[in-house]
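> Residue numbers (my numbering): 72 to 177. Cβ coordinates follow ideal geometry from the N, Cα and C atoms, glycine included.
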Amino acid sequence: MAEGFNQAFADVAFALQSDPDDDVTLDGDRLLVKGRLFAYLDGSALVVDLPAPRSADLIERGVAQPATGSTAATGAWTAITAEDDWPELASEAHQFVGEPAVGRDS
């Protein structure tokens with residue numbers, strides 16, 4: 072996974088940990104919401120878990136690539152190398168993974 076310090080990742084992590092919900096934790100190079108992985112640093116790419124249609128759109132437009140590795144088989148994990156896109160997409164992943172599934176609140 073991580074090969075060293077990445078300021079862009081540190082900035083994204085800080086912003087998400089400062090969120091008023093106080094539900095994001097940093098575990099090395101991984102970001103978790105309520106204990107569930109939603110983003111991690113893989114070399115020079117941020118890998119995020121997004122809804123399949125959003126992931127497909129980003130890949131089709133050349134903004135991202137499909138993630139490879141163990142997480143790729145468990146959902147629509149997407150790798151983004153453009154650091155300018157990291158805050159927006161990490162926030163989307165945080166919201167997507169952090170939302171309870173329908174019916175789990177009752």
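Per DSSP, which one or two residues make a beta bridge with Trp-148?
The residue labelled residue 148 in the question sits at position 77 within the sequence shown. Per DSSP, Asp-120.
> Let's test the definition: count the other Cβ atoms within 10 Å of the Cβ of Tyr-109 and tell me whether it reaches 16, buried, or not, exposed.
By one-based count along the sequence shown, residue 109 stands at place 38. Position check: residue 109 holds Phe in this sequence, whereas Tyr was assumed. With 16 or more Cβ atoms within 10 Å of its Cβ, Phe-109 is classed as buried.
> Are there 16 or more other CB atoms within 10 angstroms of the CB of Asp-120, so buried, or fewer, so exposed?
Along the sequence shown, one-based indexing puts residue 120 at 49. It is buried - the Cβ of Asp-120 has at least 16 other Cβ atoms within 10 Å.
> How far does the alpha helix (DSSP H) with Ala-81 in it extend, from its first residue to its last?
Position 10 of the sequence shown, counted from the start, is the residue given in the question as residue 81. Looking at the DSSP string, the run of the alpha helix (DSSP H) that includes Ala-81 is 78-88.
> Under a Cβ-count criterion, where at least 16 other Cβ atoms within 10 Å of its own Cβ denotes burial, should Ala-73 be classed as buried or exposed?
Here residue 73 refers to the residue found at position 2 of the sequence shown. With a pLDDT of 43 at Ala-73, under the threshold of 50, the modelled position of this residue cannot be trusted; read the value that follows with caution. Under this definition Ala-73 is an exposed residue.
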